[in-house]
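Novice:
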Amino acid sequence: MSQVTISFAESALRDLEEVQAWYKEQGVPDIGARLVSQVLQRTETLVDHPDIGRVVPEFDQSVLRELIHPPFRAVVSS
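Numbers 350 to 427, taken from our numbering, label the letters of the sequence shown in order.
Shown next, in the form of structure tokens:
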């Protein structure tokens, strides 16, 4: 099995930064930091388990899987 590499689209990184900034503006920066940390940790599970998650419904291809961590969705291609 080949090594899985995780990469993020620039738009995804911006979304994570914006969510963290929003929680900071609301006076609860720890919640934003925790959410971003959880999303990143969950995504890291793809390194060891690239086939977890469900098939992305709109593409219906077994090589595309998604992990949902509301309000985010991570899509991986194996």
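Glycine included, each C-beta is placed from N, C-alpha and C at the ideal position. All of these numbers come straight from a predicted model, not from anything done at the bench.
1) When the Cα of serine 411 is compared with those of Ile417, Arg422 and Pro399, which residue comes out closest?
2) Is histidine 418 near glutamine 375, with beta carbons less than 8 Å apart?
3) With H, G and I counted as helix, E and B as strand and the rest as coil, what does DSSP make of valine 404?
4) Under the rule that 16 or more other beta-carbon atoms within 10 Å means buried, what is leucine 395, buried or exposed?
5) Quick one: which unbroken alpha helix (DSSP H) runs of 4-plus residues sit fully inside the region 358-422? Chain order, please.
Specialist: Put simply:
1) Pro399
2) no
3) strand
4) buried
5) 359-374 and 378-397
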